[in-house]
Structures are given as C-alpha cells and as structure tokens.
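Visitor: In the working numbering, the protein residues as written are 4 to 419. Glycine residues also receive a C-beta, built at the ideal position from the N, C-alpha and C atoms. These numbers were taken from a predicted model, which means no experiment stands behind them.
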C-alpha cells in the first residue's frame, strides 16, 4: 500500500511580523487585550536573569496581571516553576496603588531556581545517557528536573485560565519543522494535531523545551493515536508523527518564545536572556583553525550562528511592532529587555546603576546547565531585575515607582 502524499500547508507570509502565521490564523482577530510574558532560552544564565525580571514584575503588580507566559529552553525552567507554584503565591495589595504583589515569590519561585543553579545537570545527563543502557541523554535530563524541581507534577498542575495565566512551554518538532506547544488545556503541533488535557509531566515538557542540539536533543515522546482530537492536524496526523514525535529545544524554532504570546496578547513583554556569538578563531595557539574540523564542534557553532541570526531578526521585528501605528495589526504595547542590553541606551535618569562593561560579563556566562557560584547567581538576578525595571518604567508606564534597591545588595552590579 502506497504511503499518502504529504503536502505542506499553505502559510501566510508577513515580513513585518516577528512570528509565523499558520493556517487558521487568518480567522483570528488581532488581540485587543491580554498581557503576555516571553521568557527566552539561555541555560541557567537566562533562568536566573528571568528570575530577576519576575521579581521586579511582581513588585510592580504586573505578575498577577499576566494572561500568558510563553517560554523556551532555560526560560521554561523558570516558567514551569512559577506555574507549578502559582496557587501557592500569596498576592496582597501593596503600595499606594494597592497592586497585587506576591509576598512569598522569593521562597516559592526564586529559591528553587537558585538551588537548581547550584547543581550541574548537563554533564551527568550526557554521561549517563551515553554509558547507561536503555536511557537517553534527554531522559536523564528529565529525571534530574523531576528529582530537583517538579516531582511527579504534570501539565494539569499548572493553573487554569480562570486561576492564572496560560503557561505555554514550547519545543520544536524535528519531524514537522514547527512548534510543539505544551500547556494545561492541550498540547499541539498544528500539523500533527491536538491532545486535550495532556498528562505529560512538567519534567518531560521542560526537558523537551531545553533539549539543546546536538547534545541534549532529541526528546523522544510516545503517545497513542487515539489521544488526539480527530482531524485536528493540518496534514501530518498519522504515525509516526502522532505516536513518536521527536522534539528539541524550543529555541530552535522560536528563540524568544514569541509566537503564542504575540498572536493572543495586545501587550507583550519580552525577557531575553540569550547570549550573542563571540568571535572564535577555532582554537588556541598551534591548534588555531582545527576546531571546526570535527563534526561536533562544527554543529554547535552552526547552531549558534542560526540562533544568533534568527534572534536578531525577531528582536528587530518585535521592537518595530511596538512602534507600529496604533490600531494596525502589527502594533503591540510592551517592552523588550535583554541580558546584552546597555541600560544607558534606555535614557531613563532614574535607572539602577548597571555599568555596561560589568553586565556584559554576565551576558557571557556559558549557556549551560552547570553550577554557578553564589555571586554570579545573585548578580544575574540583580541584572534581570534592574533592566526589567528600566524597560517597564521607560516604555510601559512612566508612573511606576522606582525600585527600593537590588534584590541582593551584597552583590550589586559592578562588584565581584
């Protein structure tokens, strides 16, 4: 029996948009409300940078107002911890505006993230996946997430839309070439189909989202055909696409986690903890130029080139969306802040002190799941806090109050 011919679906091209429009989006009206937060990838560096941003958004009363949190890779670690503990957050009116602020955010969210950042996960996962029979690198990574953060919690332990924001953990489907979205109400790839109320564990979802190729990828999932909503896939709702999806880091497809937030929210806040490429001569001393001769380092470098280029384009188009004519389909309210931003460029006189030469060293922290010392952790949190504060007060609401000081005054930016 001949295999059915698989034809790619027609897609809407919009060169001015930072996201890809897929079949069905033409029926979607431009968003008129909603606040989305996008958390990029970048290993532990991004995770802690985002923790600082969450800290400041909470103080400003914006955390409670979020309607969607979209994440990839290292950002998904922070997002999943926030989502898992959302019901435990104690929001109370605070300040002159009586904005809802979670008094226990640090205990419930920041502390677990910092405890994880004191552990190295990537090397043990790689060694275990290579040496132990019957397991893969990604299953070892998922086991580490399960042991240290999520336990047996599943996507159904995230808040419902009535209880809090919609948390969307994004991965890339290597088989279909598009986004695979994990959330509480459903998980879906628009080409493969939709599974309602999925019971995937948070550990497995985050491991898929942070499966950076070629080392930590792929994440091989296994589902039954009968789990999918009938006829919910555009053109690939057939095995092995449905039964054995092969996933990788969400940042391969959407390195800022923009897509689901941009299409559904009028205000989009983007926290970018991703690094930029540094020049590399391919080795040191007499070995200069030899590094690119083995496939592994070539693949890593090529992946970094692609990520850097796509990230730059999405960032540019996102910022252009903020400046688009109000009332146009392209326009969004919001702000972008990045770990490589120069706080002086925001031209906000009351910005926190954050010398560029010092914050740039934080942006160069390796993109790994490797243990970070206390000082580096606290400076990363401080930097995410400071640049989020500046972006919010500059571009979102100039009447927001100034910050009381760095979360960790013992490690202010600019000091070791």
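(1) Quick check: the Cα distance between residue 44 and residue 143, rounded to an integer number of angstroms?
(2) Ends of the alpha helix (DSSP H) at residue 90?
(3) Which whole runs of the beta strand (DSSP E) in the segment 209-287 are 3 residues long or more, in chain order?
(4) In the DSSP assignment, what are the bridge partners of residue 2?
(5) Write down every uninterrupted run of the alpha helix (DSSP H) in the segment 104-159 whose length is 4 residues or greater and which is fully enclosed by it, in chain order.
(6) For residue 167, which residues in the same chain have their Cβ closer than 7 Å to its Cβ, ignoring the five residues on either side in sequence?
(7) What does the Cβ neighbour count give for residue 358, buried or exposed, with the cut at 16 atoms within 10 Å?
(8) Would you decide whether residue 190 is buried or exposed? Buried here means 16 or more other CB atoms lie within 10 Å of its CB.
(9) Please name the residue, chosen from 314, 393, 275 and 162, that lies closest to residue 47 on a Cα-to-Cα basis.
(10) Are the CB atoms of residue 410 and residue 355 within a distance shorter than 8 Å?
(11) If distances are taken between C-alpha atoms only, which option among 339, 34 and 138 comes closest to residue 330?
(12) Put residue 429 into one of helix, strand or coil per three-state DSSP.
(13) With 16 other CB atoms within 10 Å as the buried threshold, where does residue 205 fall?
(14) Please name the residue in 297, 361, 198 and 307 whose C-alpha comes closest to that of residue 277.
(15) How far does the alpha helix (DSSP H) with residue 383 in it extend, from its first residue to its last?
(16) Does the separation of the CB atoms of residue 216 and residue 174 fall below 8 Å?
(17) Need the endpoints of the beta strand (DSSP E) that residue 174 sits in, please.
(18) Between which two residues does the beta strand (DSSP E) carrying residue 182 extend?
(19) Could you round the C-beta distance between residue 310 and residue 258 to whole angstroms and report it? I think they count as a contact, below 8 Å.
(20) Which residues in the same chain have their Cβ closer than 8 Å to the Cβ of residue 412, if we skip the five residues on either side of it in sequence?
(21) Using 8 Å as the Cβ pair cut-off and three pairs as the minimum, do the segment 123-137 and the segment 180-198 touch?
(22) Does the segment 75-92 come within contact of the segment 148-159, defined as at least 3 CB pairs closer than 8 Å?
(23) For residue 80, which of helix, strand or coil comes out of DSSP?
(24) Determine which residues share a DSSP beta bridge with residue 204 and list them.
(25) Can you round the beta-carbon distance between residue 72 and residue 40 to whole angstroms, since I take them to be within the 8 Å contact cut?
(26) Determine the burial state of residue 201: buried for a count of at least 16 other Cβ atoms within 10 Å of its Cβ, exposed for fewer.
(27) Taking the alpha-carbon positions, what's the residue 164 to residue 67 distance?
(28) According to the Cβ coordinates, are residue 56 and residue 268 closer than 8 Å?
(29) Could you check the C-alpha separation between residue 381 and residue 21 for me, to the nearest Å?
(30) Which of helix, strand or coil does DSSP assign to residue 39?
(31) Indicate the three-state DSSP secondary structure (helix, strand or coil) for residue 59 in the structure shown.
(32) Short of 6 Å in beta carbon distance, which residues of its chain neighbour residue 389, apart from the five on each side in sequence? Order them along the chain.
(33) Sorted by chain position, which residues of the same chain lie with C-beta nearer than 7 Å to residue 228's C-beta, five sequence neighbours on each side aside?
(34) Given a cut-off of 8 Å on the beta-carbon distance, is the pair residue 338 and residue 402 in contact?
Guide: Based on what the coordinates show:
(1) As a first step, residue 44 must be located in the chain shown, where it is residue number 41. As a first step, residue 143 must be located in the chain shown, where it is residue number 140. Answer to the nearest angstrom: the Cα atoms are 20 Å apart.
(2) Taking the chain shown and counting its residues from 1, the one referred to as residue 90 is at position 87. From DSSP, residue 90 is part of no alpha helix (DSSP H); its letter is neither H nor E.
(3) 249-252 and 270-275
(4) Because residue 2 is not part of the residues shown, which for the chain are 4 to 419, the question remains open.
(5) 114-120, 125-134 and 140-148
(6) In the chain shown, counting from the first residue as 1, residue 167 sits at position 164. Hits under 7 Å: 89.
(7) The sequence position of residue 358 within the chain shown is 355, counting from 1. Exposed, by the Cβ-count rule.
(8) Here residue 190 is taken as the residue at index 187 of the chain shown, counted from 1. Under this definition residue 190 is a buried residue.
(9) The residue given as residue 47 occupies position 44 in the chain shown. Among 314, 393, 275 and 162, the Cα nearest to that of residue 47 belongs to 275.
(10) Reading the chain shown from its first residue, position 352 is the one you call residue 355. Reading the chain shown from its first residue, position 407 is the one you call residue 410. No, the pair does not count as a contact, with Cβ atoms beyond the cut-off.
(11) By one-based count along the chain shown, residue 330 stands at place 327. Each of 339, 34 and 138 was checked against the Cα of residue 330, and the nearest Cα belongs to 34.
(12) Only positions 4 to 419 of the chain appear in this structure, which leaves residue 429 out of reach.
(13) Counted from its first residue, the chain shown places residue 205 at position 202. Buried: at least 16 other Cβ atoms inside 10 Å.
(14) What you label residue 277 is simply residue 274 of the chain shown in a count that begins at 1. Closest option to residue 277, Cα to Cα, is 307.
(15) The sequence position of residue 383 within the chain shown is 380, counting from 1. Counting along the chain, the alpha helix (DSSP H) containing residue 383 begins and ends at 377-394.
(16) Position 213 of the chain shown, counted from the start, is the residue given in the question as residue 216. Position 171 of the chain shown, counted from the start, is the residue given in the question as residue 174. No. Outside cutoff.
(17) Taking the chain shown and counting its residues from 1, the one referred to as residue 174 is at position 171. It spans 169-176 - the beta strand (DSSP E) in which residue 174 sits, taken as one unbroken run.
(18) Sequence index remark: in the chain shown, residue 182 carries index 179 (1-based). Here the beta strand (DSSP E) through residue 182 covers 182-185.
(19) For the purposes of this step, residue 310 is identified with residue 307 of the chain shown, where counting begins at 1. For the purposes of this step, residue 258 is identified with residue 255 of the chain shown, where counting begins at 1. Rounded to whole angstroms, the Cβ separation of residue 310 and residue 258 is 6 Å, and the two are in contact under 8 Å.
(20) In the chain shown, counting from the first residue as 1, residue 412 sits at position 409. Correct list: empty, nothing qualifies.
(21) no
(22) yes
(23) Here residue 80 refers to the residue found at position 77 of the chain shown. Note: residue 80 maps to helix in three-state DSSP.
(24) Here residue 204 refers to the residue found at position 201 when the chain shown is read from its first residue. 157.
(25) What you label residue 72 is simply residue 69 of the chain shown in a count that begins at 1. What you label residue 40 is simply residue 37 of the chain shown in a count that begins at 1. The Cβ separation is near 5 Å, so the contact holds.
(26) What you label residue 201 is simply residue 198 of the chain shown in a count that begins at 1. Buried: at least 16 other Cβ atoms inside 10 Å.
(27) In the chain shown, residue 164 corresponds to position 161, counting from 1. In the chain shown, residue 67 corresponds to position 64, counting from 1. Spanning the two alpha carbons is a distance of roughly 12 Å.
(28) Here residue 56 refers to the residue found at position 53 when the chain shown is read from its first residue. Here residue 268 refers to the residue found at position 265 when the chain shown is read from its first residue. Against a cut-off of 8 Å, the Cβ pair of residue 268 and residue 56 comes out as no contact.
(29) For the purposes of this step, residue 381 is taken as residue 378 along the chain shown, with counting starting at 1. For the purposes of this step, residue 21 is taken as residue 18 along the chain shown, with counting starting at 1. Answer to the nearest angstrom: the Cα atoms are 32 Å apart.
(30) Within the chain shown, numbered from 1, the residue matching residue 39 stands at position 36. Three-state DSSP puts residue 39 in a strand.
(31) Position 56 of the chain shown, counted from the start, is the residue given in the question as residue 59. In the structure shown, residue 59 sits in a helix (DSSP, three-state: H, G or I).
(32) Along the chain shown, read from residue 1 onward, the residue named residue 389 stands at position 386. If we look at residue 389 and ignore the five residues flanking it on each side, its Cβ neighbours are 355 and 357.
(33) For the purposes of this step, residue 228 is taken as residue 225 along the chain shown, with counting starting at 1. The beta carbon of residue 228 sits closer than 7 Å to the beta carbons of 242, 245 and 246 from its chain, once the five residues preceding and following it are set aside; these are given in chain order.
(34) Here the question's residue 338 lines up with position 335 in the chain shown. Here the question's residue 402 lines up with position 399 in the chain shown. It is not a contact, given that the beta carbons lie outside the stated cut-off.
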